[in-house]
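What follows is one structure encoded as structure tokens, with my remarks underneath.
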Amino acid sequence: MINKTTKIWKKIGRPSLATTIAVTVLAIGLTASLWVITLNGPTGTRPKTVRIEPGMSVASISRRLGRERIIQSPRFLRALAIVTGASRSFTAGDHPFDGSMTTWEVLRELRVPRDVTHSVTIPEGLRRERVIEILVSSLDLDREELDRMTTDSAFCRKVGVNADNLEGYLFPETYRVSVSAGEEQVLRVLIDHFHKIVDDDLKRSAALLDMTVHEVVTMASIIEGEAVIDSERDTISAVYHNRLKRRMRLQADPTVQYAIPDGPRRLFYKDYQFDSPYNTYRHSGLPPGPILSPGAASLRAAVNPARSDYLYFVAKGDGSHVFTKTAREHEAAKRQTKSARRQTWRQSSKRR
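Numbered according to my numbering, the sequence shown spans residues 1 to 352.
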């Protein structure tokens with residue numbers, strides 16, 4: 001008895017040689033397509049900048065990008081570069097890549113002219129002079145020219161800063177700056193980033209508090225000088241806003257550190273008597289300007305104070321603070337934190 005399968009084959013006939021070849025070619029094509037799609041796909045790695053040195057070969061560049069997980073397959077990039085002729089137009093310099101780029105997009109980026117750059121990091125909470133030191137040491141810029149430009153009110157206006165100097169406006173961030181950049185170009189990079197952070201939303205929030213941008217930066221610089229723990233920034237901001245509303249002096253230690261000629265250092269009783277418009281123990285209101293460069297978190301806190309009635313705070317010694325509403329509570333908190341610090345010191349001395 002002939003089975004059903006045999007009958008079916010007899011009906012439709014055996015596949016011809018041409019059909020077999022066509023199916024095979026199609027299968028190979030699909031497999032190759034999937035292979036190319038996989039090799040061309042993004043890696044999902046974090047954004048990074050890779051320096052391509054003059055004279056680097058296609059093979060060296062491909063291996064380098066493979067090690068950095070910019071591409072899936074160094075061989076695939078090398079093959080594409082050779083087949084398309086793109087390798088003849090690769091450019092030296094610092095090329096930005098991110099994990100969403102396909103190998104084709106990486107290939108295009110390698111043909112874009114890029115400068116060689118240096119990385120420079122400006123931490124939060126630094127004064128103008130310290131920022132200048134970092135720029136000089138990292139980028140080989142002229143110290144005197146940077147000092148002149150950052151204290152030139154005309155230059156401040158030129159770059160959109162309504163102040164007599166750039167204290168507080170040299171925004172803390174990690175930058176990549178062209179090795180050919182001069183003093184003005186580098187300063188503009190920092191200030192342009194400041195303007196991006198102090199956007200329209202922040203300015204609207206400032207207007208609701210009847211504050212100018214300069215006052216916001218000044219308040220933020222004091223918050224930056226006091227805060228160690230991020231979650232406390234808005235509460236510290238609330239304390240200063242509440243004191244301003246009640247026409248109380250801010251009595252902020254960071255302003256004294258800025259006022260004294262040899263600060264920052266440990267403060268003594270005589271320092272609080274030092275006569276300077278920046279000394280908020282002697283003068284009411286905000287100081288004339290920022291005392292250091294605040295980060296984005298402190299700028300946001302300056303225009304978004306927490307809802308609280310706190311008027312005082314004292315450092316506990318571990319980075320956090322005790323917040324209180326009355327002078328009596330504040331004095332009690334000072335005694336308590338002083339006692340706790342003394343006890344901690346004794347315990348640590350015993351362990352030595």
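Glycine included, C-beta positions come from ideal geometry on N, C-alpha and C. Here the structure is a predicted model, which is why all the values come from computation and not from measurement.
With distances taken between CA atoms, GLY125 lies nearest to PRO264 out of PRO264, THR324, ALA333. Here ALA86 is actually not in contact with LEU65; their C-beta atoms are around 14 Å apart, not less than 8 Å. Only residues of its own chain outside the window of five on either side were considered, and among them GLU167, GLY168, VAL217, THR218, SER221 have a CB closer than 6 Å to the CB of PRO290, listed in chain order.
Taking 8 Å as the cut-off, the Cβ atoms of ALA301 and ARG233 count as close. Beta-bridge pairing by DSSP links THR174 to THR121. The C-beta distance from ILE134 to PHE171 rounds to 13 Å, too long to meet the 8 Å contact threshold.
Secondary structure note for ALA86: it is in no beta strand (DSSP E), with a DSSP letter that is neither H nor E.
Two segments are said to touch when three or more pairs of C-beta atoms, one from each, lie closer than 8 Å; by this definition the segment 246-257 does not touch the segment 319-332. By the CB criterion at 8 Å, VAL303 and ALA163 fall outside the cutoff. Distance from the Cα of THR102 is smallest, within the candidate group THR45, SER137, THR84, ASP115, for THR45. Distance from the CA of ARG282 to the CA of HIS321, rounded to the nearest whole angstrom, comes to 23 Å. Proximity to PRO261 across ASN279, LEU244, ARG249 peaks at ASN279, based on C-alpha coordinates. Residues of the same chain with a CB within less than 7 Å of the CB of GLU183, apart from the 5 flanking positions on each side, are LEU141, ASP142, GLU145, LEU146, MET149 in chain order. ARG307 carries a coil assignment under DSSP once its states are collapsed to helix, strand and coil. Residue state for HIS321 is assigned as strand, using DSSP reduced to three classes.
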